[in-house]
Every structure is written in C-alpha cells, then in structure tokens.
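Student:
2 protein chains.
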Amino acid sequence: MRDVAVIGVGMTKWGELWEKSLRDIFVETALMAFDDASIDKVDSMYVGSMSSGLFVGQEHIASLLADYLGQANIPSTRVESACASGGLALRLGYLEVASGRSEVVLVGGIEKMTDVSGYEATYALGTAADQEYEGYHGMTFPGLYALIARAHMEKYGTTREQLAMVAVKNHHNGSKNPLAQFPFEITVDSVLNSVMVADPLRVLDCSPITDGAAAVILCPAEMAQKKDKPVVKIAGSGHATDTIALSSRKDITWLEAVYKATQQAYKEADKGPEDIDIIEVHDCFTIAEICVLEALGIVEKGKGGDAVEQGLTSLKGKIPVNTSGGLKAKGHPVGATGVAQAVEICKQLWEEAGERQVKKARVGLAQNMGGSGGSSVIHVLERA
Amino acid sequence: MRDVAVIGVGMTKWGELWEKSLRDIFVETALMAFDDASIDKVDSMYVGSMSSGLFVGQEHIASLLADYLGQANIPSTRVESACASGGLALRLGYLEVASGRSEVVLVGGIEKMTDVSGYEATYALGTAADQEYEGYHGMTFPGLYALIARAHMEKYGTTREQLAMVAVKNHHNGSKNPLAQFPFEITVDSVLNSVMVADPLRVLDCSPITDGAAAVILCPAEMAQKKDKPVVKIAGSGHATDTIALSSRKDITWLEAVYKATQQAYKEADKGPEDIDIIEVHDCFTIAEICVLEALGIVEKGKGGDAVEQGLTSLKGKIPVNTSGGLKAKGHPVGATGVAQAVEICKQLWEEAGERQVKKARVGLAQNMGGSGGSSVIHVLERA
Chain Z
1 MRDVAVIGVG
11 MTKWGELWEK
21 SLRDIFVETA
31 LMAFDDASID
41 KVDSMYVGSM
51 SSGLFVGQEH
61 IASLLADYLG
71 QANIPSTRVE
81 SACASGGLAL
91 RLGYLEVASG
101 RSEVVLVGGI
111 EKMTDVSGYE
121 ATYALGTAAD
131 QEYEGYHGMT
141 FPGLYALIAR
151 AHMEKYGTTR
161 EQLAMVAVKN
171 HHNGSKNPLA
181 QFPFEITVDS
191 VLNSVMVADP
201 LRVLDCSPIT
211 DGAAAVILCP
221 AEMAQKKDKP
231 VVKIAGSGHA
241 TDTIALSSRK
251 DITWLEAVYK
261 ATQQAYKEAD
271 KGPEDIDIIE
281 VHDCFTIAEI
291 CVLEALGIVE
301 KGKGGDAVEQ
311 GLTSLKGKIP
321 VNTSGGLKAK
331 GHPVGATGVA
341 QAVEICKQLW
351 EEAGERQVKK
361 ARVGLAQNMG
371 GSGGSSVIHV
381 LERA
Chain L
1001 MRDVAVIGVG
1011 MTKWGELWEK
1021 SLRDIFVETA
1031 LMAFDDASID
1041 KVDSMYVGSM
1051 SSGLFVGQEH
1061 IASLLADYLG
1071 QANIPSTRVE
1081 SACASGGLAL
1091 RLGYLEVASG
1101 RSEVVLVGGI
1111 EKMTDVSGYE
1121 ATYALGTAAD
1131 QEYEGYHGMT
1141 FPGLYALIAR
1151 AHMEKYGTTR
1161 EQLAMVAVKN
1171 HHNGSKNPLA
1181 QFPFEITVDS
1191 VLNSVMVADP
1201 LRVLDCSPIT
1211 DGAAAVILCP
1221 AEMAQKKDKP
1231 VVKIAGSGHA
1241 TDTIALSSRK
1251 DITWLEAVYK
1261 ATQQAYKEAD
1271 KGPEDIDIIE
1281 VHDCFTIAEI
1291 CVLEALGIVE
1301 KGKGGDAVEQ
1311 GLTSLKGKIP
1321 VNTSGGLKAK
1331 GHPVGATGVA
1341 QAVEICKQLW
1351 EEAGERQVKK
1361 ARVGLAQNMG
1371 GSGGSSVIHV
1381 LERA
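Here is the structure:
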C-alpha cells in the first residue's frame, strides 16, 4: 500500500440553494477542486450521498455526476452510510489510490435537502435509524440524541450549559468561515432560550438542514510532491459499525463505532490522541460532540462536557475542535459533511484557513458518523 | 494485488415475499453463504442496493444488515449504481481482498420492491434515469429500452421475433432453476401476444419486480484451496460509466459503458470473448441482452438478434447465456441482480447447477448494468 495525498479541495457557500440543482452544486464544487489541484480529469470518482432518492428523486448519481462533470466513462461509485456517506467515500477513494489501482481520484459528497418540506426532510433523515423499531415508534434523530444527552447528564453530571457551550464555540468558529450556512456568533443564553425540540435539546443544539457539496482530489504522495502546496497525506483510515438501534446498546453514552474506527486509524497512522493538533467532529447535535471527544480518547469517559467548558477544544485551546464551525454553524448537507471535514483539515494544514487558522497544525483528525452512531469513519491527515 | 476466490454463495427463492422484510431476506441469504463457505464471521461487508430509501424507507442498511447478521462493529459499506449496485458491491469486495486489507469479505445484494405500489416502484426505478430531462418528460425504463429496440430494428434489421426468442430462451433456462420467480416455459407466440408496454416491448419482454437477495463470500485464493470446492477465482473486474441520458449518446444501440468495463475485465483476466464458456447478462428487457452480446464482443455489432435465433446462446449452444433464467425469468430485485449473476456463474463452475448444468464450463462472465447503460460492472470468473 502506497502513501496517498490530497492535492486539491473544493467547497462552495452552503445554505438553502434553491436556485441550484444537485448536479449544479456538485459540478461547481468538483471543478473548484480540479482547479485547486491543477487537473482536468480523474481516473475514477467516489460520491457520498445519503438519500438523493428521497431528497430529489434521483438515484444513479455516480454516473449522473461523472457525466455532467465531463468525465463520462470513468468508473464512478456512490456510497451510502447515512451521515457518514462522505467519510466513507473518502475512505474508498483513499484505498483505491493506496492499492495502486488508480492515480488520481475525485472524492465528492453531496446532499440537496431543501427541495422537500421539513416533514419530508425529517422523514428522509429518519431512514438512518431502525425504521421497523425506532421509526415505527415515532423516533426521529433529535429524540434519539436527546435520550443520549439525558443519559450522559445523568451518568456523568454533564450540564445543560456545557451542551450550549458546544454550539457557542462552533458558531464562534463558523463566524470566521465565509462558506458556513450560519456564520455568526451565538451565546449560551440564546441556546438555552431557543425553541425546545426534544428535551433537553433545543433548536440551537441541532445542526441545520442544508444544501451543499465538498470535494477532494487524491493522488499518490509522490505525485503530490510536484505541486506547490505542502504535502498532506492521509496517514490513517478507520471504519466501523455499531447496532443501528440505540436500544440494542449496553451504554448509549458510548460510541463504540467511533472508538473502533479511531483505533484502526490511529494504528495505521502510528499516532495517538496526544499527536492530534486539530479535529473536525460530527456535531449533528451538541451532545454528539461531547460523546465523540470521549470515544476519540481526547478526554476520559464522561469528561467531554468539562473539556468544552474549560476551553480545551476552543479555537485557541490545546486541541481546537470544529474550526470550520462544525455541522452546527457550517451546515450539514448529510452526504457532504464527511468530505467537508477533510477539506477543513487540509485548509488548516496548508495554512489556508484565513481568520480561523490554527498555528503550527501538522496532524488533523476527521470524525464522521452515521445515524445515532451506527457507523463511523475516521481519517488522520498529516502534513509531511 | 493477490488472487481472490469465491468460497461460498447464498440465494433463496425470489418472488413477492410479502411475509418477509428486507432484513429477513438479507440475513437468510447471507447465512446460506456463511454455511456454504463454512464460516461464521467476516472481516468486512459490502451491500448493493439501489433504493432501499424509496422502496422500504430505510437507508443506512450496511450498518443495519451487519447488525442483524450478528456482525456489528465490522466495516460495512453500501454502494449504489442503480441496477448495477450488486455488481459494484462485488467489485469493491474483490478489490478489498485483492489489496490485502481484508481476508474474508461478505458481498450481498438486496432489494425489497413489492412493499410499494406498481406506480411507486416504477417511480423508484425511474430515478436511475436522468430525472431532470428523461423523467421530466415522462420517460420510464420500458420507454427508454423501447427506443433502443426500435433503433436496433431499424439499423440492423433485428426482428420482433428475435426479441421474443431472448425471453423464450431465458424462461426455458429459468424453468430449470427452482429459485426463479417465474420458473416456467413461454413461447414466441405468447410473447408476441402479451400486453403492450412500450412499443415494440410487451410485458413478456420485460423483467419483473421482485423481492430477493444474493450473497457471496470472498477470500484470498490461497485460503480457498483448503476448502472442498474447486477454486473459483475472480480473474478480472471492470467498471465504467456512460452518459446517464440516452439523448446524449451518439448511437443508442451501442453500450459504451459495457464495452469499456468488459475491455478492462478481459485485460485483467488475460482473456478474450473466445475464452468465455458461460455468460450471465443484464436482460432487464429483451433488447438489452441483444445489445450486450455485441458490446461484450461475443458477436459483431448488429448480430445479437441473429445469435439468439441461431441458438448460439441457448443452454446447449456454443456460449450459453443466462443459464439461471436471467433477469426475465429468475426475477430482478435490482440491487441483488449483480451478485446473483456471480452466484450462478459459481454454481456452474462448481458443477452445482442441477438440471441447467453446462458441461465443462471453466470461465464465466457476469455483466451487470445500471439505468439504460449509464453504468456497467463486469466480472470474469475462472475455475482454477
């Protein structure tokens, strides 16, 4: 297996993009990545999308998007693992280049979520849960994560304010990201007084519904050395699953898929939590960021809330988390999120992150997650 | 890249399985493959499914199915390329074992299509076409393939009777396959007098709507030598795309994605059309089988209809095609079809095909296709 590098990234402004279709958004984003990498064709592509079928009535999008990108005839593969679809696409693209089967591969993620009603979007997102059990009983994702939050508060003493601080931190970072859907600051008070969604989670604890795409171009690390950017390698990759239903887990505050995938990625990268400078985590709800920090081994079990309160994960903290604004402020077009996490890590490692640049960052970790933790994909990226 | 073998297969009776859910069908099928391979766990799995979102309101099925199969925590990946989803899952599983990343991998395909109305199923299948152009103008797949059929008849003199002979041949083979949805013979007259769907295609030119799954277990060829079955290797794999819309193609009678994917697979296997003993092709409509034979290089352009009429592809012909009954008689649960093609080739190469056994078959080819040829995945399998 040979070393693989990222040589270009693309991301456009995220939000409610009613004037653009799925294919428009994807092609615009992919062409930005082509420009950034100074290429005009790829050998193969992978696309992460959770539910283009339910959101826009279009499947077979790997072929569609290769075609509209002017790359018809190349192998093009769509993968789906709910909200971890983008990270999974990145993993498969990485494995394809690492194994020597392709030289230059496009990895994209896309979701066009605002062409349907809020009810339909909630239904589509709910198909990531166990529909015959959780869905049948009326559970949607805010409810599932609310159960996790209640259990975490009960078991570890995590406070309502600590949950709010996750959102406040991510909006602070997002206010420095011009591509974010909601690039503005919020306060703990505004979170605590926002509309209740599923007790204890309020609307400002929840990531939004978003249209958007993200793209990266991968190639052998040797080829990347000829480019004018610092070489950023994918040092490790991990992928694991867990029971899809929360009710099947021994401890709903613990994300076993995240833990297992992280251990794989650390091992492959020959790194541990102490080596990581920056992290993008899957903060679909504020409680998710807290649980993920624990599963990554950044803090001990139960200490995720304290870490946020003490500033460990803030932009000027020891390990900045979600410098992009995270899913909360940047937006969460579900299939695109995992790829966008890698885009942010690359921008940071290339020192192209503008006002939110973290100094001397050399190693970054991207943590992408499906459902209530039923799947997770982890990548460790390193500046050579 | 190391050699990869199939060490077990699973397939249950296909049809309208109203008493079973998607997860029931998949788990039953996968456990058959586990038994056939004498294993009880795998390192990783790939699942092909076209639209579990639109058909049963469930995405995130790679995690769901790993969980219900008792394999929670393993990496599990769903891929989608419309009706080529199963073939694509097989390709990714093959690449994972070939690259040395995993030892034992489950590849499954599944579609549960009969829980929705015929209208909804036609809509879901239609999402494999270009929805903004073809779908918007009311095109569904029978219409698209009818255009191809008309063009082929006009350009090459292919006859209405030759189309019917494809269905007659495949039902003859299917009558010897107890797992087929429609295991009975039909006649040219019955095809010609069946209900018109989209001129010139009648209902007996069309593959049915089906519930079903198929599974194979892959491992390094070296490990397969310790089993009691003859070693069947995946000798070559190919994957290509084409424009998703028919209107973007220079010649709608020519399947460029099939041609390109086949050339890759032949090259990797160091084989040509003259080396192939048996073939499973994607006969979603009778005209498709005729066009595919041409793109595979089995016959010259325009000669697909004559080949069928002259018996070249019949069970006792020079190159038997669709010994399983094909999509037409066996059924077409879209995400499962590509995997089921590999199941049939393995059964033939292992000499486990019962009444439809082809003598001395050593090399088989499986051709899976998405949409109106917007994607295709080819595998060449060889008995060592």
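Chains as they are written, first to last, in the working numbering: chain Z, 1 to 384; chain L, 1001 to 1384. Glycine included, every Cβ here is placed at the ideal spot set by N, Cα and C.
Kindly provide the ranges of any alpha helix (DSSP H) runs that are 4 or more residues long and lie completely inside the segment 191-254 of chain Z, ordered along the chain.
Tutor: 221-224
Student: Please identify the residue among Z/T262, Z/R362, Z/K169, Z/K41 whose C-alpha is closest to the C-alpha of Z/C346.
Tutor: By 1-based counting over the first sequence, the position of residue 346 of chain Z is 346. Minimum Cα distance to Z/C346 is reached at Z/R362.
Student: By Cβ distance, which residues of its chain are closer than 6 Å to Z/S390, with the 5 residues on each side in sequence left out?
Tutor: Because chain Z is modelled from 1 through 384, residue 390 of chain Z falls outside the range shown and cannot be assessed.
Student: By Cβ distance, which residues of its chain are closer than 8 Å to L/G1015, with the 5 residues on each side in sequence left out?
Tutor: Stepping through the second sequence from its first residue, residue 1015 of chain L is reached at position 15. So the qualifying residues of the chain are Q1181, T1210, D1211, G1212, G1331.
Student: Do the CB positions of L/I1148 and L/I1244 come within less than 8 Å of each other?
Tutor: As a position in the second sequence, residue 1148 of chain L is number 148, starting the count at 1. As a position in the second sequence, residue 1244 of chain L is number 244, starting the count at 1. No; because the gap between Cβ atoms is not below 8 Å, this pair is not in contact.
Student: Taking only beta-carbon atoms, is Z/G86 less than 8 Å away from chain L?
Tutor: In the first sequence, the residue the question calls residue 86 of chain Z occupies position 86. The beta-carbon of Z/G86 is placed no less than 8 Å from the nearest beta-carbon of chain L.
Student: Could you say if the segment 1186-1197 of chain L and the segment 1163-1171 of chain L meet the contact criterion of at least three C-beta pairs nearer than 8 Å?
Tutor: Taking one beta carbon from each stretch, the segment 1186-1197 of chain L and the segment 1163-1171 of chain L have 3 or more pairs nearer than 8 Å; the two touch.
Student: Under 7 Å between beta-carbons, which chain Z residues line up against L/R1078? List them in chain order, please.
Tutor: In the second sequence, residue 1078 of chain L corresponds to position 78, counting from 1. Residues of chain Z passing the Cβ test: V79, E80, S81.
Student: Please name the residue, chosen from L/K1226, L/G1108, L/G1100, L/M1045, that lies closest to L/E1028 on a Cα-to-Cα basis.
Tutor: The residue given as residue 1028 of chain L occupies position 28 in the second sequence. With distances taken between Cα atoms, L/E1028 lies closest to L/G1108.
Student: Spell out the partners DSSP gives L/S1081 in its beta bridges.
Tutor: Start at 1 with the first residue of the second sequence, and residue 1081 of chain L comes out as number 81. Partner(s): L/C1083.
Student: Residue ranges of each beta strand (DSSP E) run of no fewer than 3 residues wholly in the segment 45-133 of chain Z, ordered along the chain?
Tutor: Taking 3 residues as the minimum length, the beta strand (DSSP E) runs contained wholly in the segment 45-133 of chain Z are 76-80, 105-112, in order along the chain.
Student: Please list, in chain order, the chain L residues whose beta carbon lies closer than 7 Å to that of Z/D251.
Tutor: Position 251 of the first sequence, counting from 1, holds the residue named residue 251 of chain Z. Going along chain L, no residue has its Cβ under 7 Å from Z/D251, so there is no contact; the nearest lies around 14 Å.
Student: So, are the CB atoms of Z/L315 and Z/G304 less than 8 Å apart?
Tutor: For the purposes of this step, residue 315 of chain Z is taken as residue 315 along the first sequence, with counting starting at 1. For the purposes of this step, residue 304 of chain Z is taken as residue 304 along the first sequence, with counting starting at 1. No.
Student: Which parts of the segment 275-301 of chain Z are runs of the beta strand (DSSP E), unbroken and 3 residues or longer, counting only runs that do not cross its ends?
Tutor: 278-280
Student: Near Z/I186, which residues of its chain fall below 8 Å by C-beta distance, leaving aside the five closest residues on each side in sequence?
Tutor: What you label residue 186 of chain Z is simply residue 186 of the first sequence in a count that begins at 1. Only A167, V168, H171, L204 meet the Cβ criterion.
Student: Could you give the DSSP three-state label for Z/E352: helix, strand or coil?
Tutor: Stepping through the first sequence from its first residue, residue 352 of chain Z is reached at position 352. It is coil, neither helix nor strand.
Student: Buried or exposed, going by whether 16 or more other CB atoms sit within 10 Å of the CB of Z/E96?
Tutor: Residue numbering aside, residue 96 of chain Z sits at position 96 when the first sequence is read from its first letter. Counting Cβ neighbours within 10 Å, Z/E96 comes out buried, since at least 16 surround it.
Student: Kindly list, in the order they appear in chain Z, the residues whose Cβ is closer than 8 Å to that of L/L1095.
Tutor: Against the second sequence, residue 1095 of chain L aligns to sequence position 95. Near L/L1095 (Cβ distances below 8 Å), the residues of chain Z are L95, E96, S99, R101.
Student: In three-state DSSP terms, what is Z/M11?
Tutor: The residue you call residue 11 of chain Z lines up with position 11 of the first sequence. Three-state result, Z/M11: strand.
Student: Check whether the Cβ of Z/T243 lies closer than 8 Å to any Cβ atom in chain L.
Tutor: Here residue 243 of chain Z refers to the residue found at position 243 of the first sequence. With 8 Å as the cut-off, Z/T243 counts as an interface residue toward chain L.
Student: Would you give the residue range spanned by the alpha helix (DSSP H) that L/E1309 belongs to?
Tutor: Here residue 1309 of chain L is taken as the residue at index 309 of the second sequence, counted from 1. Residues 1304-1309.
Student: Could you check whether L/A1336 and L/E1111 sit closer than 8 Å to each other, using their CB atoms as the reference points?
Tutor: The residue given as residue 1111 of chain L occupies position 111 in the second sequence. The residue given as residue 1336 of chain L occupies position 336 in the second sequence. Yes, they are a contact pair.
Student: Using the C-alpha atoms, what's the distance from Z/P183 back to Z/D228?
Tutor: Position 228 of the first sequence holds residue 228 of chain Z. Position 183 of the first sequence holds residue 183 of chain Z. Distance between the alpha carbons of Z/D228 and Z/P183: 30 Å.
Student: Please compile the residues from chain Z whose C-beta is within a distance smaller than 7 Å of the C-beta of L/E1059.
Tutor: Start at 1 with the first residue of the second sequence, and residue 1059 of chain L comes out as number 59. Under the 7 Å cutoff, chain Z gives M50, S51, E80, A82, T127, A128.
Student: Quick check: L/L1312 and L/T1262, are their CB atoms within less than 8 Å of each other?
Tutor: Translated into positions along the second sequence, residue 1312 of chain L becomes position 312. Translated into positions along the second sequence, residue 1262 of chain L becomes position 262. Not closer than 8 Å, so no.
Student: Does L/N1173 come out as helix, strand or coil in the three-state DSSP assignment?
Tutor: Sequence index remark: in the second sequence, residue 1173 of chain L carries index 173 (1-based). Helix, per DSSP.
Student: Use the C-beta contact count for Z/E344: other C-beta atoms within 10 angstroms, 16 or more gives buried, fewer gives exposed.
Tutor: The count along the first sequence starts at 1 and reaches residue 344 of chain Z at position 344. Buried, since its Cβ has 16 or more Cβ neighbours within 10 Å.
Student: Ignore the nearest five residues each way along the sequence and tell me which others in Z/I378's own chain have a CB closer than 6 Å to its CB.
Tutor: The residue you call residue 378 of chain Z lines up with position 378 of the first sequence. Closer than 6 Å at Cβ, skipping near neighbours: G238, A261, T262, A265, Q367.
Student: Within the same chain, show all residues whose beta-carbon is closer than 6 Å to that of L/R1383, passing over the 5 residues directly before and after it, in chain order.
Tutor: For the purposes of this step, residue 1383 of chain L is taken as the residue at position 383 of the second sequence. Counting only Cβ-Cβ distances below 6 Å, and skipping sequence neighbours, we find P1230, V1232, L1349, R1362.
Student: Could you name the residues of chain L that Z/L64 contacts, counting a contact when the two beta carbons are closer than 8 Å?
Tutor: By 1-based counting over the first sequence, the position of residue 64 of chain Z is 64. Per Cβ cutoff of 8 Å: D1130, I1244, G1374.
Student: Is it the case that the Cβ atoms of Z/G86 and Z/A269 are separated by a distance below 8 Å?
Tutor: Sequence index remark: in the first sequence, residue 86 of chain Z carries index 86 (1-based). Sequence index remark: in the first sequence, residue 269 of chain Z carries index 269 (1-based). Result no, Cβ atoms of Z/G86 and Z/A269 do not sit closer than 8 Å.
Student: Skipping 5 residues on each side, what residues in its chain have a beta carbon closer than 6 Å to that of Z/C284?
Tutor: To locate residue 284 of chain Z, count along the first sequence from 1; it is residue 284. Closer than 6 Å at the Cβ level, and outside the excluded window around Z/C284, lie S207, L327.
Student: Is it the case that the Cβ atoms of L/V1116 and L/A1342 are separated by a distance below 8 Å?
Tutor: As a working mapping, residue 1116 of chain L is identified with position 116 in the second sequence. As a working mapping, residue 1342 of chain L is identified with position 342 in the second sequence. Contact: no.
Student: Report the residue from Z/V4, Z/I25, Z/M1 whose alpha carbon sits nearest the alpha carbon of Z/G10.
Tutor: Taking the first residue of the first sequence as 1, we reach residue 10 of chain Z at position 10. The shortest Cα separation from Z/G10 among Z/V4, Z/I25, Z/M1 belongs to Z/I25.
Student: Would you identify the three-state DSSP class for Z/E382, choosing helix, strand or coil?
Tutor: Counting from one through the first sequence, the residue named residue 382 of chain Z turns up at place 382. DSSP places Z/E382 in strand when its eight states are reduced to three.
Student: Let me see if you follow: with CB-CB separation under 8 Å, is Z/N368 close to chain L or not?
Tutor: Here residue 368 of chain Z is taken as the residue at index 368 of the first sequence, counted from 1. Chain L, which has no Cβ nearer than 8 Å to the Cβ of Z/N368, makes this no.
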